[in-house]
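Student: Quick one: structure below, then a few questions.
Protein chains: 4
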Amino acid sequence: MAAASNFYTIVAGVGAGTGRSVALKFAKTYPIALLARNPANYESIVKEIKDAGGQAIGISTDVASESSIKNAFAEIQKEFKGKKLAAAIYNVGGRFVRKPFLELTLEEYEAGYEANGKGFFLFAQAVLPGLLESVPSSPHPPSLIITGATASLRGSANMSSFASGKFALRATGQSLAREFGPKGVHVAHAIIDGVIDIPRTRDWPVNGGVEDGKISSEAIADSYWYLHTQPRSHFTQELDVRPYVEKF
Amino acid sequence: MAAASNFYTIVAGVGAGTGRSVALKFAKTYPIALLARNPANYESIVKEIKDAGGQAIGISTDVASESSIKNAFAEIQKEFKGKKLAAAIYNVGGRFVRKPFLELTLEEYEAGYEANGKGFFLFAQAVLPGLLESVPSSPHPPSLIITGATASLRGSANMSSFASGKFALRATGQSLAREFGPKGVHVAHAIIDGVIDIPRTRDWPVNGGVEDGKISSEAIADSYWYLHTQPRSHFTQELDVRPYVEKF
Amino acid sequence: MAAASNFYTIVAGVGAGTGRSVALKFAKTYPIALLARNPANYESIVKEIKDAGGQAIGISTDVASESSIKNAFAEIQKEFKGKKLAAAIYNVGGRFVRKPFLELTLEEYEAGYEANGKGFFLFAQAVLPGLLESVPSSPHPPSLIITGATASLRGSANMSSFASGKFALRATGQSLAREFGPKGVHVAHAIIDGVIDIPRTRDWPVNGGVEDGKISSEAIADSYWYLHTQPRSHFTQELDVRPYVEKF
Amino acid sequence: MAAASNFYTIVAGVGAGTGRSVALKFAKTYPIALLARNPANYESIVKEIKDAGGQAIGISTDVASESSIKNAFAEIQKEFKGKKLAAAIYNVGGRFVRKPFLELTLEEYEAGYEANGKGFFLFAQAVLPGLLESVPSSPHPPSLIITGATASLRGSANMSSFASGKFALRATGQSLAREFGPKGVHVAHAIIDGVIDIPRTRDWPVNGGVEDGKISSEAIADSYWYLHTQPRSHFTQELDVRPYVEKF
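Residue numbers (my numbering), protein chains in the order written: chain A, 533 to 780; chain B, 533 to 780; chain C, 533 to 780; chain D, 533 to 780.
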């Protein structure tokens, strides 16, 4: 087993919530590459990690664009030359559209798939060769961890765009778990069932406004780290999370 | 309640199996429009229906193309002027790709979504206004019936293309059932779990080659007709079907 | 294939709703035995069937009692001597308990299992030998059809008694489908998700009191008949049903 | 928040595998009570914990007996007087019966429910008042953690006894999660999908006999501890686990 410092991680989809917390968590152990479309979404996180003595780069990336993904991974390879991939987290939200079905444009409907279908396909093809190479030398089984949502399990009125994307993401995640699990790569899917507690949602009257009625993104980061550190005799493929007061 | 002859139906995705049987079944009651990319897939069915005294048209259509769908529905409206839509069946298979994930091209991965995500979106947007108009005058609650598969419920190794499309289709179907059910439109999803008995599969050694080890497409047509004729107090949203010897 | 008149059916759990409608439906084709704890629950149905020219017997039975089941089947065998079993329907509701968990007595908790676990076990053991004997001579594949509920799929607050029973019923139904399907017996499970329209529920303010907001028991009977008449190449194991306005 | 030493935990169902590992794990933090029918199943674990400086008692208990449960909890209350309950783990396997359905005795069928339905009901009623009392003073949200299995999700041929019990257990667990979650108690259900690596299974030719082809019980203990330490803003209700090579 090699030292953790010979390995790095990638988080696609960082911003104010889950992505940031996951990045800070994994950066305590591994150098990290952060992908987001808008540099404003990763710049402060990169700084925060570096200030804490960690190693991080941010790359402006559109995960649904082949060329953008290609460029991002070329840059990652250059930056982390000689290191191997320990974990890749796919946390891309994409454009969220909630609308009566007959008012949706094709582009709005496809927004769900763009981010969670096509984007994940391109990301997974880019990271899986590196994850396979890390078997069995990495400190923990190399991991591909995926952020799902309530809409991964059920389609709801006005939610066909988001649900079709999240269903497609889960389908692909299951396919990869069944194909790459036996090769030693841990593919896990987390169903985030609730509102995440970030500045933007602070005033949302969720669950009657009770304390802890929104999900702590630090707790999500802990769960992703827990998933990453599971031994290969005990892989969790799927778990759900929700605040204690959430209806389900 | 108006006479059935004032209503018509549409079947997208006809060929040798389910589509043909469904078309023949519904054509006993309603004039019918058949959509398929290749005229060879509908021509003989149109003839068969007409020879039996029914009314049918075939339209060469690529359901994943906005303009092709638009043209098809313009032609349908012209052909069935004055009639209302009783049922629409979405039975598009699309291109089936089974391959190790890292060998998939983006185009191959997206084939699943093209047919079952995008194609169904365009089809559903085209038929739902007509189905809504038929509430409550049609002989049975206006119906949108969708063909799913084993891969609608689970992603498998080498199956991410097909599974992501079928998951997206199911997500959209559930969303529509929850949005349009209360408006009187019956949206139902059938999980076809097994090989359909058509000329192309006749020699496949499925289920040890036992009699009835493949699904009769006539029986699928019966189930779609049964779904169509359910009253609105008793809508089935999902059912599965498989041969008696199928492992599941 | 023998004439339908050489076959009979059994319905366990008859009363004002599903059981009565199912009995009337199947009695159009087969002589029928009706089981209920209380004769008041079957007497009028037996009369109704006989008045319509059918053949029916009612037997006072506690399905959760080995001796009661034994007596009932001895009586059925005597009554329908020389006939074979075409279908058996398990529609036992049992005692419905909805209570905060810590207020439940053991007996109340077990009421769910008594009716839907133990009762179904005893019933299934009594009917399966007869169903197997009817393969392949019966007009349709011999069928064991089970009534499930919303609580077959999810446990809810205050519902552990009913949900544990309905989950156990579904587990056993799936086990039987997988064991006896390949032997030609059709085991199907219907998830009744909504309130059934019977005298007792007539004034319940379900779904805003809209017309058809409760499930028609005649429609359930139609769906059970449809399940019974499916050919063995096309067995449905599970379907759900709910009124068009039901939230789900 | 009180010190962990003012809290204790209970594990029902200890032996060579999961129960032992969970006990050792939780005993590092809390005094612990171990329940098993046979003293041989807990004696060595109690000794192991005490030798390591921990505090443990073992109580011979039949969880499916009201009086036995009553006696056990009276003894626990005496032993841990002044302490509060931090976590309760239900890990009772019960008698495992795998047999063709028509060969099952009623007693064999009911073995599944005895252990996983009735036994869990009695255990949950005994621990929930204590768990509620520990809100919000305990170091972590008071937890009720339940061991499920592959058979919690699907019934299989010859498996109706075990599956009906595990389905009933899951139903009750979901009901409790929805009733007691909002009161601050964390109810979680783990689906153990694979063979656990214990002396008895060491030579089973599972997954081709590859290394790590059976589940490490220490890893299960880690997952239960992870579940226990989740904050109330982020409760996992269900997770699955299986070896990397397990088919699913």
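Glycine included, each C-beta is placed from N, C-alpha and C at the ideal position.
Between the stretch 722–735 of chain C and the stretch 728–742 of chain D, do at least 3 Cβ pairs fall closer than 8 Å?
Tutor: Judged by Cβ distances under 8 Å, the stretch 722–735 of chain C makes no contact with the stretch 728–742 of chain D, as fewer than three pairs qualify.
Student: Please list the segments of the beta strand (DSSP E) lying wholly inside the stretch 547–607 of chain B, counting only runs of 3 or more residues, in order along the chain.
Tutor: 564–568, 588–592
Student: Output, in sequence order along the chain, the residues in the stretch 656–677 of chain C whose CB is closer than 9 Å to any CB in chain B.
Tutor: Answer set for the stretch 656–677 of chain C: 673.
Student: Expressed to the nearest angstrom, what Euclidean distance is found between the alpha-carbon atoms of residue 689 of chain D and residue 683 of chain D?
Tutor: 11 Å
Student: Sorted by chain position, which residues of the same chain lie with C-beta nearer than 6 Å to residue 641 of chain A's C-beta, five sequence neighbours on each side aside?
Tutor: 693
Student: Interface residues of chain C around residue 641 of chain D at Cβ under 7 Å?
Tutor: 653
Student: Please classify residue 583 of chain C as buried or exposed, where buried requires at least 16 other C-beta atoms within 10 Å of its C-beta.
Tutor: exposed
Student: Tell me, please, which residues DSSP counts as bridged to residue 772 of chain D.
Tutor: D:723
Student: Report the rounded CA-to-CA distance for residue 598 of chain B versus residue 699 of chain A, giving the unit in angstroms.
Tutor: Straight through space, the alpha carbons of residue 699 of chain A and residue 598 of chain B are spaced by roughly 23 Å.
Student: Using a Cβ cut-off of 8 Å, pull out every chain C residue sitting near residue 716 of chain B, in sequence order please.
Tutor: 776
Student: At a CB-CB cut-off below 9 Å, which residues of chain A make contact with residue 688 of chain B?
Tutor: 706, 707, 710, 711
Student: With a threshold of 8 Å on Cβ separation, who are the neighbours of residue 686 of chain C within its own chain once the five nearest residues in sequence on each side are excluded?
Tutor: 695
Student: When burial is assigned at 16 or more other CB atoms within 10 Å of the CB, is residue 524 of chain A buried or exposed?
Tutor: What the structure shows of chain A is the stretch from 533 to 780, and residue 524 of chain A is not part of that stretch, so it cannot be assessed.
Student: CA-CA distance, residue 680 of chain C and residue 649 of chain C?
Tutor: Whole-angstrom Cα-Cα distance: 12 Å.
Student: Would you grab the beta carbon distance between residue 581 of chain A and residue 588 of chain A for me? Rounded to a whole angstrom, and I think it's under 8 Å.
Tutor: 4 Å
Student: Closer than 7 Å by C-beta to residue 538 of chain A: which residues in its own chain qualify, once you throw out the five before and the five after it? Chain order, please.
Tutor: 615, 616
Student: Give me the Cβ distance between residue 551 of chain A and residue 543 of chain A, rounded to the nearest whole Å; I'm assuming they're in contact under 8 Å.
Tutor: Cβ-Cβ separation between residue 551 of chain A and residue 543 of chain A: approximately 6 Å, consistent with a contact (criterion under 8 Å).
Student: Which residues in chain D have a C-beta closer than 8 Å to the C-beta of residue 764 of chain A? List them in chain order.
Tutor: 744, 775, 776
Student: Based on the DSSP secondary-structure assignment, which residues constitute the bridge partners of residue 728 of chain B?
Tutor: B:747
Student: Are residue 594 of chain C and residue 627 of chain C closer than 8 Å when you measure CB to CB?
Tutor: no
Student: Just verifying my parser: in three-state terms, what is the DSSP assignment at residue 703 of chain C?
Tutor: helix
Student: Along chain D, in chain order, which residues have C-beta atoms closer than 8 Å to that of residue 733 of chain A?
Tutor: Neighbourhood of residue 733 of chain A in chain D, by CB distance below 8 Å: empty, with the nearest CB roughly 12 Å away.
Student: Using CA atoms only, rank isn't needed, just tell me which of C:653, C:629, C:647 is closest to residue 634 of chain D.
Tutor: Among C:653, C:629, C:647, the Cα nearest to that of residue 634 of chain D belongs to C:653.
Student: For residue 612 of chain D, does the three-state DSSP call read helix, strand or coil?
Tutor: coil
Student: Which residues in the same chain have their Cβ closer than 7 Å to the Cβ of residue 748 of chain C, if we skip the five residues on either side of it in sequence?
Tutor: 729
Student: Closest to residue 716 of chain A by C-alpha separation, out of A:622, A:608, A:620, A:664, would be which residue?
Tutor: A:664
Student: Spell out the partners DSSP gives residue 541 of chain A in its beta bridges.
Tutor: A:564, A:619
Student: For residue 638 of chain D, which three-state DSSP category applies?
Tutor: helix
Student: Report yes if the C-beta distance between residue 752 of chain B and residue 760 of chain C is below 8 Å; otherwise report no.
Tutor: Contact: no.
Student: When you compare each of D:701, D:713, D:647, D:567 to residue 668 of chain D by their alpha carbons, which one comes out closest?
Tutor: D:713
Student: Between the stretch 611–632 of chain A and chain B, which residues of the former have a C-beta closer than 9 Å to a C-beta of the latter?
Tutor: 632
Student: Is the beta carbon of residue 776 of chain C sitting closer than 8 Å to the one on residue 621 of chain C?
Tutor: no
Student: Can you pull the DSSP bridge partners for residue 679 of chain B?
Tutor: Note: residue 679 of chain B sits in a beta bridge opposite B:722.
Student: In three-state DSSP terms, what is residue 767 of chain C?
Tutor: strand
Student: Determine the DSSP secondary structure at residue 628 of chain A, reduced to helix, strand or coil.
Tutor: coil
Student: Interface residues of chain A around residue 771 of chain B at Cβ under 8 Å?
Tutor: Under the 8 Å cutoff, chain A gives no residues; its nearest Cβ is about 17 Å from residue 771 of chain B.
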